[in-house]
Each structure stands twice: as structure tokens, then as C-alpha cells.
Amino acid sequence: MAILSWLAEQRIQEAMRSGEFANLPGHGKPLELEDLSGVPEDLRMSYKIMKNAGLLPEEVSLRAECVTLEELLAACHRSGNSDSGERKELESRLSLKRLRLQVLLQERGLDGSAAYMEYGDKIRQHLEGMDE
11 MAILSWLAEQ RIQEAMRSGE FANLPGHGKP LELEDLSGVP EDLRMSYKIM KNAGLLPEEV
71 SLRAECVTLE ELLAACHRSG NSDSGERKEL ESRLSLKRLR LQVLLQERGL DGSAAYMEYG
131 DKIRQHLEGM DE
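Residue numbering for the sequence shown follows my numbering, beginning at 11 and increasing consecutively.
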């Protein structure tokens with residue numbers, strides 16, 4: 011294995027001397043490291059892979075949908091449509107989403123995980139902050 015490391019290092023040094031790394035995007039700028047401290051350690055790699063692939067875990071998608079439905083309900087109340095069929099439909103959809111989320115968290119054993127709940131709160135705060 012040491013020979014492969016040495017060979018890789020030699021190729022990197024050669025590329026640096028020839029200037030192949032000079033015009034890369036982000037050259038001279040600090041790396042933007044993600045703070046994954048709120049994600050349970052055993053889930054970090056899978057979350058990172060899914061995020062890079064443009065996918066979200068179902069529980070994150072459900073939380074985002076719940077936030078959207080809560081905002082729509084708040085808009086209904088502000089507009090005075092508190093007795094409308096639309097409000098009842100939104101409440102029904104929100105209840106179903108919350109129930110699915112609760113069942114999903116229980117199935118995955120995440121309903122009692124403090125780290126996961128903290129991560130969920132951070133996601134909620136981020137999603138709510140995006141709309142402002």
C-alpha cells in the first residue's frame with residue numbers, strides 16, 4: 011500500500027509543478043466545511059451521500075412538508091378563512107404528515123434520539139428562515 015501512496019504523492023507533486031491546480035474553482039479561498047455535529051454520528055456519511063446526490067431522507071422531506079402546511083394554515087387564519095374547507099383539508103394533510111413522521115421515526119428508532127431531534131430542530135429553523 012505504501013507504494014501506491016508514494017506514487018499518488020509523486021503524481022500530485024508533478025501536477026502542482028506543471029500548474030494543473032492553478033485555475034481550479036475556489037483556488038485561494040477557504041474550504042466551506044459543513045457542520046454535521048447535529049447529525050448522529052452513524053447517520054453522517056449516509057446523509058452526506060444523499061445530500062450530494064440531491065436526495066433527502068423521508069423524515070426531512072416530511073418535516074419540510076409539515077412546515078409548509080403549518081404556514082399555509084397560518085395564512086388561512088390570518089385571512090379570516092378559519093371555517094373554510096381549505097383549512098380543514100390543510101389540517102387533515104398536516105395530521106397525516108405528522109403521523110407518518112412519527113411512525114417513521116419510531117420504525118427507525120429515532121423518536122428518542124436527542125441528537126436527531128436537535129438536528130430536526132435545526133432543519134426546521136433553516137427551512138423557516140428560508141421563507142423570510
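Every residue gets a Cβ at the ideal spot worked out from N, C-alpha and C, and that includes glycine.
Quick caveat, the model's predicted, so the values are computed rather than measured.
- One thing to note: L79 has its Cβ within 7 Å of the Cβ of L100.
- Only residues of its own chain outside the window of five on either side were considered, and among them K107 have a CB closer than 8 Å to the CB of E75, listed in chain order.
- Taking C-beta atoms under 8 Å as the contact rule, L137 and L104 fail to qualify, at a distance of about 15 Å.
- V70 is classed as buried because its beta carbon has at least 16 other beta carbons within 10 Å across all chains shown.
- Judged by DSSP in its simplified three-state form, R110 adopts helix.
- A straight-line Cα-Cα distance of about 11 Å links N33 and M26.
- Around the beta-carbon of L17, fewer than 16 other beta-carbon atoms lie within 10 Å, marking it exposed.
- Separation of the CB atoms of E68 and L115 is rounded to 10 Å, and the pair is thereby denied contact status at 8 Å.
- A contact between stretches requires three or more CB pairs, one per stretch, nearer than 8 Å, and the region 39 to 46 fails this requirement with the region 116 to 127.
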